[in-house]
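Numbering (this note's numbering), first residue to last: 160 to 385.
What follows is the structure, encoded as structure tokens:
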């Protein structure tokens, strides 16, 4: 057994939560990842874990029951959007969303048990999903779920988000919780438009949201200063 693991399923290659005209871009990234992984025989160094769907009681740690039920209903009909026009519904989207989020959750639980030191889910990172809604091609928030699973073990938790977009969903799901969130992101007229330095958290979570907004075109020098 190796010290590190990834969560991966062949089903990942068929999953995309984008509008149809953008799905190719999402799917090709996972295909390129798999091709690279196989070409260089990286399974000698990293264990491959088959993801399992997240349980509903796990989803309830980060989302409300009404929203979960809404996704289930949309998954049956396959009609419309889960948000205001970014994330289209399709038949089976609930099963796909719980599978990819479950991959991150499974890695987190194995790490917490001491089986692995590090884990990576190439189909994860759904940091725009909110407590009560999907957003920005994100259905359920696997980042917030992993943080909550770790916090239940009384561990100090830090979520460090270096995506170009602010991790608004993760921030606001955990906004009142004493779990550190640090986000480096482009700010201004850029999706989702949140992540100002004065978004600090609330209640027990006050001071645990740290936003480091960058202007368009910021590079390595800006990161080094930050």
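We put the CB at the ideal spot given by N, CA and C, even for glycine. Owing to the predicted nature of the structure, the values given are computational and were not obtained by experimental measurement.
{"Query": "CA-to-CA distance, residue 217 to residue 313, given in whole angstroms", "Result": "17 Å"}
{"Query": "Residue range of the unbroken alpha helix (DSSP H) whose run includes residue 208", "Result": "Element bounds for residue 208: not the alpha helix (DSSP H) but the beta strand (DSSP E), 205 to 208."}
{"Query": "For residue 166, the first and last residue of its enclosing beta strand (DSSP E)", "Result": "163 to 166"}
{"Query": "Given 8 Å, three or more beta-carbon pairs between the region 161 to 170 and the region 200 to 216", "Result": "yes"}
{"Query": "Cross-strand partners of residue 279 (DSSP beta bridge)", "Result": "165"}
{"Query": "With 16 other Cβ atoms within 10 Å as the buried cut-off, status of residue 197", "Result": "exposed"}
{"Query": "Status (buried if at least 16 other CB within 10 Å, exposed otherwise) for residue 250", "Result": "exposed"}
{"Query": "Rounded separation between residue 219 and residue 183 - CA only", "Result": "31 Å"}
{"Query": "Meets three-Cβ-pair contact criterion under 8 Å: the region 234 to 250 and the region 273 to 283", "Result": "no"}
{"Query": "Segment contact flag, the region 313 to 330 with the region 257 to 264, C-beta cutoff 8 Å, min 3 pairs", "Result": "no"}
{"Query": "Residue 378 versus residue 258: straight-line alpha-carbon distance, rounded", "Result": "34 Å"}
{"Query": "Of the residues 359, 228 and 354, the one placed nearest residue 337, counting alpha carbons only", "Result": "359"}
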